[in-house]
């Protein structure tokens, strides 16, 4: 269990911690344990030698101890080979092959142990059921410890790499005690000890993003891998080393050149802009932009990862006067009785949207927390159009809740982001009655309404100029046709995976052509 949880944290910075990756981890490890049990039973019947059991434990311990040292390099190698070789299901294939190579061998060896212990501990058929019962109980207790200790103790305290070393060290110690007490296999004991010491000494010297130099911060929280990089014009937070940036703060005042600028249109579409709620506060970039251009607005942030909030204060100049609740966004809404003029939904778990924040039930909850005339803006991180895409599903879902006449979208230039604006009618009071609207969402398309509103609320000409550009990019949506996401059926991981395949296909296309035309040597010349 400790190896399984460690596997999820080792793979998460590269492939995410989505349900897809968890399924691959659990499935491959269960296969390894099952095969190990079958083979271990045959070994035990042929030769019930305890030395073989402890040699398997020692070999598994050494392999697991080496995972922090070499595992990340294998993952990058596998990813690099696949990214220029496959066009679809990159996450599935890369995660599966990585699990197969890194985790199956030691778990197979550990799977052989229980049948051997049963054979060695059984004296007669009269008590074999009791022996199996006691061994099963010990296995269960070990699984409980291997589940709770990494999650709540070792990973938060010392990280994933040291967690692997702690549990592999326990296995190694058990085998060393046995062999040293019996004066057997001393050379194997020496080699295993040296391998463990080398890995323990060298593993902490490089992080998950071992190719990055001069990172301001690299660490782990209970939810995420966290990386802070400081550049000349911005500070970047990444929770995944392969798929870009999750939060950015610009070092200069004004527009960021990112989706936050487009999202600044949301307060201007609302009847009033006195209060805002940000679900997925991150490092607070949108909150800072709101404070700059709408200084009288009261802002509340919600961020599930306390470590990100701490980094925001330390590295990203998040204003200390903006309250941030450490909570799941949906659970916070369910417990709150407050209403807001603006609600920003920008919650991401690694590279996917949490399924519970993508459904009709969730967006209905958001709608209830909007004041009449209030606006919700949703950051859709991956532009993936067409029937069956994640953006189509999200748009259909929001349309089902707000109605097509209340929704506009705007793509963000030179990014993979799309902002969706949904307005609760001003005449839609909390009893549910509706009436005619003086200004509809469609009035903001290709008109000066946004720019004029920006000039009234802020003397900064940058906001008016940006709103002119946003107006020209606004698009309407049709009626909800196709998949609508619900709490019961929201396969956002699979939909997101298809979007990632499209991004990888576009980005890796030139390298694939080089590989086809010039072979591996040409590809090496290109990337070197």
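In our numbering, the protein residues as written are 196 to 723. Backbone N, C-alpha and C fix where the C-beta goes; we use that ideal spot for every residue, glycine too.
Residue i, buried or exposed, once every other Cβ within 10 Å from all chains shown has been counted against 16
i	result
residue 525	buried
residue 307	buried
residue 213	buried
residue 406	exposed
residue 628	Residue confidence is low: residue 628 scores 48 on pLDDT, short of 50, so the model does not pin down where it sits. Its coordinate-derived value is still stated next. That one is exposed.
residue 343	exposed
residue 251	buried
residue 336	exposed
residue 419	buried
residue 682	exposed
residue 294	buried
residue 666	buried
residue 444	buried
residue 480	buried
residue 262	buried
residue 447	exposed
residue 626	Note that residue 626 has pLDDT 47, beneath the 50 cutoff, so the model's placement of it is unreliable and no number is given.
residue 691	buried
residue 267	buried
residue 347	exposed
residue 563	exposed
residue 386	exposed
residue 724	With the chain covering 196 to 723 only, the question about residue 724 has no answer from this structure.
residue 483	buried
residue 290	buried
residue 286	buried
residue 392	exposed
residue 345	buried
Cβ separation of residue i and residue j, assumed to be a contact under 8 Å, to the nearest whole Å
i	j	result
residue 457	residue 605	5 Å
residue 553	residue 594	Actually they do not touch by this definition, with Cβ atoms about 14 Å apart.
residue 356	residue 399	6 Å
residue 650	residue 659	5 Å
residue 379	residue 246	6 Å
residue 269	residue 224	With a Cβ gap of about 17 Å, residue 269 and residue 224 do not count as contacting.
residue 560	residue 529	7 Å
residue 688	residue 215	5 Å
residue 569	residue 536	5 Å
residue 478	residue 422	With 8 Å as the limit, residue 478 and residue 422 do not qualify as a contact, their Cβ atoms being about 12 Å apart.
residue 300	residue 232	The Cβ separation is near 15 Å, so there is no contact.
residue 555	residue 596	6 Å
residue 504	residue 476	7 Å
residue 363	residue 196	Not confirmed; about 14 Å, so no contact.
residue 199	residue 220	6 Å
residue 427	residue 413	About 20 Å separates the two Cβ atoms, so there is no contact after all.
residue 303	residue 239	15 Å between Cβ atoms; not a contact.
residue 243	residue 315	6 Å
residue 459	residue 661	7 Å
residue 725	residue 453	Outside the shown range of the chain, which is 196 to 723, sits residue 725, and nothing can be said about it.
DSSP beta-bridge partners of residue i
i	result
residue 421	414
residue 252	BP columns for residue 252 are empty, so no partner.
residue 433	422
residue 445	429
residue 519	496
- Item | Complete runs of the beta strand (DSSP E) confined to the stretch 532-592 [at least 3 residues] | Listed in chain order, they are 535-540, 565-575.
**Q.** Complete runs of the alpha helix (DSSP H) confined to the stretch 346-378 [at least 4 residues]
**A.** Scanning the stretch 346-378 from its first residue to its last, the whole alpha helix (DSSP H) runs of 4-plus residues come out as 350-377.
Ignoring anything shorter than 4 residues or poking outside the stretch 600-681, list the alpha helix (DSSP H) runs there in chain order. Qualifying alpha helix (DSSP H) stretches, in chain order: 644-652, 656-668.
* Completely contained beta strand (DSSP E) runs for the stretch 449-499, where each covers 3 or more residues -> For the stretch 449-499, whole beta strand (DSSP E) runs of length 3 or above, ordered along the chain, are 470-474, 493-497.
* Should the stretch 509-518 be regarded as contacting the stretch 481-497, the criterion being three or more beta carbon pairs within less than 8 Å? -> Because the criterion of three Cβ pairs below 8 Å is met, the stretch 509-518 and the stretch 481-497 touch.
* Is the stretch 460-469 in contact with the stretch 640-650, if contact means three or more CB pairs nearer than 8 Å? -> Contact holds: three or more Cβ-Cβ distances are below 8 Å.
- Task: Give, in chain order, every unbroken run of the alpha helix (DSSP H) that is at least 4 residues long and sits entirely within the stretch 201-254.
- Result: Fully enclosed alpha helix (DSSP H) runs of no fewer than 4 residues occupy 214-241 of the stretch 201-254, in order along the chain.
#### Entry: Validate contact between the stretch 276-284 and the stretch 410-427 using beta carbons, cut 8 Å, 3 pairs
Two segments are said to touch when three or more pairs of C-beta atoms, one from each, lie closer than 8 Å; by this definition the stretch 276-284 does not touch the stretch 410-427.
Is the number of C-beta pairs between the stretch 610-620 and the stretch 559-573 that are closer than 8 Å three or more?
Of all C-beta pairs linking the stretch 610-620 to the stretch 559-573, three or more are shorter than 8 Å, placing the two stretches in contact.
Which complete alpha helix (DSSP H) runs does the stretch 251-313 hold, if anything under 4 residues is left out? List check, alpha helix (DSSP H) in window: 285-297, 299-306.
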